[in-house]
Amino acid sequence: MRQKKQIPWKTIGLTLLAALVGGAVGYWGMCQVDALGLPGLLVLLLLLVLAYVLQVVVHEGGHLVCGLLTGYRALSFRIGRVLLVKLDGRWKLRAYHIPGTGGQCLMAPPAQENPPYRLYHLGGGLANLLLAALALPVFLLTGAPLLRVFAGALVLIGGWIAGTNLLPMKMGGVANDGYNARNLGKDPLALQCSCVQLWIVEALQEGYSLAGMPEEWFDLPPKADLQNVLIMGTAIQRASRLMARGELEEADQAIRALLRGGHELLGLHRLELTCEEIYCALVLGRVREAERLFTPEVRRYCRQTRKYCPGRVRQAYAWALLAERDVEKARDLRAEFERAAARYPYSGELTGERNLLDRADQAFRASSIQDSRAEAPAEKVEKI
37 MRQKKQIPWK TIGLTLLAAL VGGAVGYWGM CQVDALGLPG LLVLLLLLVL
87 AYVLQVVVHE GGHLVCGLLT GYRALSFRIG RVLLVKLDGR WKLRAYHIPG
137 TGGQCLMAPP AQENPPYRLY HLGGGLANLL LAALALPVFL LTGAPLLRVF
187 AGALVLIGGW IAGTNLLPMK MGGVANDGYN ARNLGKDPLA LQCSCVQLWI
237 VEALQEGYSL AGMPEEWFDL PPKADLQNVL IMGTAIQRAS RLMARGELEE
287 ADQAIRALLR GGHELLGLHR LELTCEEIYC ALVLGRVREA ERLFTPEVRR
337 YCRQTRKYCP GRVRQAYAWA LLAERDVEKA RDLRAEFERA AARYPYSGEL
387 TGERNLLDRA DQAFRASSIQ DSRAEAPAEK VEKI
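See below:
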């Protein structure tokens with residue numbers, strides 16, 4: 037009999053704390069309506085949102101400052117869908133989104149045997165506490181209702197963000213900053229994988245393809261603990277590298293092994309791998325298997341991420357050609373790919389992505405499947 041997973045007490049405690057904090061903010065804010073009047077309620081709500089956004093900015097800024105103090109190189113700074121990224125030696129604005137994240141500050145660690153990591157990870161939560169501490173006297177001493185609301189929200193939200201980031205724990209299988217600060221040094225392979233993944237991001241921003249990156253970045257020992265999210269991340273990058281090199285049969289095997297190896301994958305990892313498994317199945321002639329894998333959940337994820345990810349457009353292109361046999365739709369998706377590529381911050385991925393588009397073309401031309409929905413012969417598939 038399969039045992040039920042026990043919910044960690046920290047998760048239960050944080051859920052209750054979140055409910056208490058949210059209830060306290062809501063009750064306290066509504067009590068201010070008497071002082072502000074109903075027209076002031078909208079202003080109050082805007083102040084609460086502003087306090088949250090400010091604490092998110094301060095959190096990511098804390099990572100940035102502490103990273104710079106310990107020799108890290110700034111790569112990108114994102115709040116919501118607004119990304120400030122370093123490209124060609126200059127900072128540029130882009131639109132980018134990762135589901136489930138409100139912000140992210142990525143920095144490349146120094147290339148040394150024991151790179152520093154504690155201050156970089158703790159910097160965000162410490163910055164939240166600092167802002168909350170500065171806002172507390174304002175909350176206690178001011179007589180202005182709106183300023184009091186704003187300061188109080190900074191205190192409560194800052195304390196909440198700091199607590200959920202600094203208290204060592206895993207939520208949904210993801211280690212928070214406090215957990216990484218405490219434990220990364222105990223697992224040299226996880227620390228190495230953490231550094232390598234940031235170096236990969238830096239190289240992609242500089243225009244280098246995964247195919248040309250050092251082999252040792254992707255090496256893992258035979259019995260590596262793939263339950264560790266950081267180590268699993270490197271295993272996924274290794275499969276992505278095989279795809280970038282055009283080794284689709286090997287990539288397909290690696291992806292299937294990760295998905296069916298009994299590992300507890302993050303939802304994001306599982307969906308990303310499934311999208312690539314569908315692409316491989318299509319190009320390698322297993323269309324029915326691809327149709328089975330393309331579940332409503334995967335379709336929803338593809339819709340949510342396609343705007344920011346050229347690779348998702350490439351997967352849609354393969355689907356249009358090889359599953360739907362719709363050449364006109366595929367041609368439109370080629371144009372959509374180029375539009376997405378023009379604003380994509382990780383230019384190193386684009387050469388490999390275009391090669392994978394061409395592999396879908398080749399599979400379409402070589403295919404003997406005749407779908408009644410086909411609108412044109414294979415020779416009319418255009419290359420960009």
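Going letter by letter, the sequence shown gives residues 37 to 420 in my numbering. All C-beta atoms in this analysis are idealised placements derived from N, C-alpha and C, irrespective of residue type, glycine included.
(Q) So, does the stretch 374-384 touch the stretch 230-247, judging by three or more C-beta pairs under 8 Å? (A) yes
**Q.** Close-in-space but distant-in-sequence residues of the same chain around A410 (CB under 8 Å, 5 per side omitted)
**A.** Taking the sequence shown and counting its residues from 1, the one referred to as residue 410 is at position 374. In this prediction, A410 scores a pLDDT of 46, lower than 50, which makes its location untrustworthy; no coordinate-derived value is stated.
Q.
Here's the rule I'm using: 16 or more other beta-carbon atoms within 10 Å means buried, otherwise exposed. How should Y121 be labelled?
A. Taking the first residue of the sequence shown as 1, we reach residue 121 at position 85. Per the sequence presented here, residue 121 reads as Val, with Tyr not at that position. By the neighbour-count rule (16 or more Cβ atoms within 10 Å), V121 is buried.
Q | According to DSSP, residues forming a beta bridge with M279 | A | For the purposes of this step, residue 279 is taken as the residue at position 243 of the sequence shown. Per DSSP, none; premise fails for M279.
**Q.** Unbroken stretches of the alpha helix (DSSP H), 4 residues or longer, contained in the stretch 332-404
**A.** 332-341, 346-358, 363-379, 386-402
Q: Please list, in chain order, all residues of the same chain as A352 whose beta carbon is under 6 Å from its beta carbon, the five residues on each side excluded.
A: Here residue 352 refers to the residue found at position 316 of the sequence shown. Taken in chain order, the residues that qualify are L369.
**Q.** Residues sharing a beta bridge with K206, DSSP
**A.** As a position in the sequence shown, residue 206 is number 170, starting the count at 1. DSSP lists A211 as partners of K206.
Q | Proximity winner among F400, L192, Y108, relative to Y156 (alpha-carbon distances) | A | Start at 1 with the first residue of the sequence shown, and residue 156 comes out as number 120. Of the candidates F400, L192, Y108, the one whose C-alpha sits nearest the C-alpha of Y156 is Y108.
Q: Using 10 angstroms around the beta-carbon of V210, count the other beta-carbons present and answer buried if the total reaches 16, otherwise exposed.
A: On the sequence shown, residue 210 is found 174 positions in, with the first residue counted as 1. When all chains shown are included, V210 counts as exposed.
Q: Enumerate in chain order the residues of its own chain whose CB-to-CB distance from I115 is below 8 Å, with the five nearest sequence positions on each side excluded.
A: If you number the sequence shown from 1, residue 115 lands on position 79. V89, V92, V93, E96, G138, G139, listed in sequence order.
**Q.** Nonlocal neighbours in the same chain, by C-beta distance under 7 Å from A356, ignoring five residues either side
**A.** As a working note, residue 356 is residue 320 in the sequence shown. Excluding positions up to five away in sequence, the list reads D362, K365, A366, L369.
(Q) Taking the straight line between their C-alpha atoms, what separation do you get for V191 and A168? (A) Indexing the sequence shown from 1 puts residue 191 at position 155. Indexing the sequence shown from 1 puts residue 168 at position 132. Cα-Cα distance, rounded: 4 Å.
Q. Do L83 and V185 have their CB atoms nearer than 8 Å?
A. Taking the sequence shown and counting its residues from 1, one reaches residue 83 at position 47. Taking the sequence shown and counting its residues from 1, one reaches residue 185 at position 149. Yes, the pair counts as a contact, with Cβ atoms nearer than the cut-off.
Q) Given a threshold of 16 other Cβ atoms within 10 Å of its Cβ, counted over all protein chains shown, does V349 qualify as buried or as exposed? A) Sequence index remark: in the sequence shown, residue 349 carries index 313 (1-based). It counts as buried.
Q: Please confirm whether A280 and L256 have their CB atoms less than 8 Å apart.
A: As a working note, residue 280 is residue 244 in the sequence shown. As a working note, residue 256 is residue 220 in the sequence shown. Going by C-beta atoms, A280 is not nearer than 8 Å to L256.
Q: Tell me I134's beta-bridge partners as DSSP assigns them.
A: Within the sequence shown, numbered from 1, the residue matching residue 134 stands at position 98. Beta-bridge pairing links I134 to no other residue.
(Q) For L246 and S276, which I take to be in contact (beta-carbon distance under 8 Å), what is that distance rounded to the nearest angstrom? (A) As a first step, residue 246 is located in the sequence shown; it is residue number 210 there, counting from the start. As a first step, residue 276 is located in the sequence shown; it is residue number 240 there, counting from the start. Between S276 and L246 the Cβ distance is about 6 Å, and since that is below 8 Å, they are a contact.
Q. Excluding sequence positions up to five away, which residues of its chain have a Cβ less than 6 Å from the Cβ of A260?
A. Here residue 260 is taken as the residue at index 224 of the sequence shown, counted from 1. For A260, where only same-chain residues beyond five positions count, the Cβ hits under 6 Å are I267.
(Q) Please classify R395 as buried or exposed, where buried requires at least 16 neighbouring CB atoms within 10 angstroms. (A) Within the sequence shown, numbered from 1, the residue matching residue 395 stands at position 359. Under this definition R395 is a buried residue.
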